[in-house]
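Visitor:
What follows is the structure, encoded as structure tokens:
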């Protein structure tokens, strides 16, 4: 997007809404080089957009969503559901107590519509997260229940779990990083009150419609 900003400005675009990621905040101290690179790229892209839009007088709003899910199109909740369907179990690191705030894709669409012509949102950045703060374990339990399956969760030590992920990355197209295991017991929660104040952002609770969001196959 940042590489094409000049083209949009030449076309006379006056309003831009873009999605970044809460990774800009949560992965700043990641020990994984690829994640550090991603964070740097996202931060640079945000800065480039802000500067270019500022010079051209384009009204910019940046959204940083948390873990996105919905309609079987995501690589987060739906991927977990797919593993549960395939194996009937889920492996976690220790207590998997790290908090998460999954946000539904529909809430992001609503946010775009809400800010489109809202001057108070121009040239601002907002974090968009879900309504519930759930431990990683509770989130997985909710997915089991949404699939109508018995909850079968097994806890593994961090080192063993890393080995499992490493094996999965070699046998499948799963993109493993050691930090994925580390974060399972780390809180990734965010304050979205500014979005509530400025455009009445009202996200839904997690997985209220499992038939819609956990289809048999990816959409």
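Residue numbers (this note's numbering): 200 to 418.
A virtual CB, placed ideally from N, CA and C, is assigned to each residue, including glycine.
Quantities reported herein were computed from a predicted structural model and do not represent experimental measurements.
Do residue 295 and residue 383 have their C-beta atoms closer together than 9 angstroms?
Guide: Yes, Cβ-Cβ distance for residue 295 and residue 383 is below 9 angstroms.
Visitor: Could you pull out every residue in the same chain whose Cβ sits closer than 8 angstroms to the Cβ of residue 288, ignoring the five residues on either side in sequence?
Guide: For residue 288, where only same-chain residues beyond five positions count, the Cβ hits under 8 angstroms are 351, 352, 353.
Visitor: So is residue 394 buried or exposed if we call it buried at 16+ other beta carbons inside 10 Å?
Guide: Buried.
Visitor: By the 10 Å Cβ neighbour count, where 16 or more other Cβ atoms means buried, how is residue 311 classified, buried or exposed?
Guide: It counts as exposed.
Visitor: Beta-carbon within less than 8 angstroms of residue 239's beta-carbon, same chain only, minus the 5 sequence neighbours each way: which residues are those?
Guide: There are no such residues.
Visitor: Buried or exposed: which applies to residue 415, given that a residue is buried once 16 or more other Cβ atoms fall within 10 Å of its Cβ?
Guide: Under this definition residue 415 is an exposed residue.
Visitor: From the DSSP secondary-structure annotation, give me the bridge partner or partners of residue 410.
Guide: Answer is none; residue 410 lacks a bridge partner.
Visitor: Is the segment 391-407 in contact with the segment 296-308, if contact means three or more CB pairs nearer than 8 angstroms?
Guide: As far as the Cβ criterion goes, the segment 391-407 touches the segment 296-308, which means the pair count is three or higher.
Visitor: Just to confirm, are residue 265 and residue 387 a CB contact at a threshold of 9 angstroms?
Guide: Yes, Cβ-Cβ distance for residue 265 and residue 387 is below 9 angstroms.
Visitor: Starting from residue 292, follow its DSSP beta bridges and name the residues at the other end.
Guide: Answer is 355, bridged to residue 292.
Visitor: May I ask you to report which of helix, strand or coil DSSP gives residue 350?
Guide: If DSSP states are grouped into helix, strand and coil, residue 350 belongs with coil.
Visitor: Under the assumption that residue 204 contacts residue 280 (Cβ atoms under 8 angstroms), give the Cβ distance between them as a whole number of angstroms.
Guide: Contact flag wrong, Cβ pair sits at about 37 angstroms.
Visitor: Based on the DSSP output, what are the partners of residue 218 in its beta bridges?
Guide: Paired residues: 262.
Visitor: In this structure, does DSSP put residue 298 in helix, strand or coil?
Guide: Strand at residue 298.
Visitor: Considering only the alpha carbon of each residue, which of 215, 233, 417 lies closest to residue 222?
Guide: The residue with the shortest Cα to Cα distance from residue 222 is 233.
Visitor: How many Å lie between residue 325 and residue 277 at the Cα?
Guide: So the two alpha carbons sit approximately 25 angstroms from each other.
Visitor: Work out the CA separation of residue 213 and residue 397 for me, nearest whole Å.
Guide: Taking the straight line from one Cα to the other gives about 20 angstroms.
Visitor: Span of the beta strand (DSSP E) holding residue 323?
Guide: Looking at the DSSP string, the run of the beta strand (DSSP E) that includes residue 323 is 323-327.
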